[in-house]
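S.K.: Here it is, the structure, as structure tokens.
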């Protein structure tokens, strides 16, 4: 699976949009971009995934660039409960596991 | 609530002992995964089962073993425990390989 690069940490003001970037320049055609988050020592929580089109659900939006080499997870109105480590993962269909890197530690500030 | 259930939530045991962690996957999911998360390391993939058969192996020690039963629940057995085995152990499940994976809340293991 392709490797991803994320900033180590980010801050976001409560109520503002949190934009979390991810680079995956070696992504191949059958690989999806997944986002998970882990709130302190809880189980990783699935947020969203996409292949090439932008995706939106009740939690977030995922914007994937046209060349698919990078993506951005958008939390439209960050709350204190969104403070967590966010993982961007690239995984192919049929993959047998997800590789978790170090992720981005997002801190939402009151 | 992901639908993945893990027991026990917390466990304290002594070095050299053996423990069993249990996982019930989401209803309908055939694949079960086990991950380990230590304080100084990230989430490490241990092993995957699909419909009772081992499908993939990661960084799982020989002292550790797992199985998936006909009712699809899974157990992770940890033996000859060492202090360094203290960690959060997560179970996850998916419909099949390549589908979205959902995680349980984990089992905290402390070895003293």
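Residue numbers (our numbering), protein chains in the order written: chain L, 1 to 110; chain Z, 1 to 112.
Just so it is clear, CB atoms sit at the ideal spot from N, CA and C, and this is done for glycine as well.
1. Just how far apart, CA to CA, sit residue 59/Z and residue 59/L?
2. Given this structure, state the Cα-to-Cα distance separating residue 11/L from residue 106/L, to the nearest angstrom.
3. Using the Cβ count rule (16 or more neighbours within 10 Å means buried), how would you classify residue 77/L?
4. Which partner residues does residue 10/Z have in the DSSP bridge list?
5. Taking Cβ-Cβ distances below 9 Å as the criterion, which residues of the segment 28–54 of chain L are in contact with chain Z?
6. Assuming residue 63/L and residue 47/L make a contact with CB atoms under 8 Å, what is their CB distance in whole Å?
7. Mapping DSSP to helix, strand and coil, what is residue 75/L?
8. Taking the C-alpha atoms as reference points, what is the distance between residue 67/L and residue 49/L?
9. What are the residues of the segment 38–67 of chain Z that lie near chain L, defined by any Cβ-Cβ distance shorter than 7 Å?
10. Give, in chain order, every unbroken run of the alpha helix (DSSP H) that is at least 4 residues long and sits entirely within the segment 32–105 of chain Z.
11. So is residue 97/L in contact with chain Z if we call contact Cβ pairs under 9 Å?
M.R.: For this structure:
1. For the purposes of this step, residue 59/Z is taken as residue 59 along the second chain, with counting starting at 1. For the purposes of this step, residue 59/L is taken as residue 59 along the first chain, with counting starting at 1. Approximately 32 Å between the Cα atoms of the pair.
2. For the purposes of this step, residue 11/L is taken as the residue at position 11 of the first chain. For the purposes of this step, residue 106/L is taken as the residue at position 106 of the first chain. Their Cα atoms are separated by approximately 6 Å.
3. Numbered from 1 along the first chain, position 77 holds the residue referred to as residue 77/L. Answer is exposed; the Cβ neighbour count stays below 16.
4. Your numbering for residue 10/Z matches position 10 in the second chain. 108/Z.
5. 32, 34, 36, 38, 41, 42, 43, 44, 45, 46, 49
6. The residue you call residue 63/L lines up with position 63 of the first chain. The residue you call residue 47/L lines up with position 47 of the first chain. Actually they do not touch by this definition, with Cβ atoms about 13 Å apart.
7. Within the first chain, numbered from 1, the residue matching residue 75/L stands at position 75. Reduced to three states, the DSSP call for residue 75/L is strand.
8. Translated into the one-based positions of the first chain, residue 67/L becomes position 67. Translated into the one-based positions of the first chain, residue 49/L becomes position 49. Whole-angstrom Cα-Cα distance: 16 Å.
9. 42, 43, 45, 48, 55, 56, 58
10. none
11. Position 97 of the first chain, counted from the start, is the residue given in the question as residue 97/L. So, interface residue.
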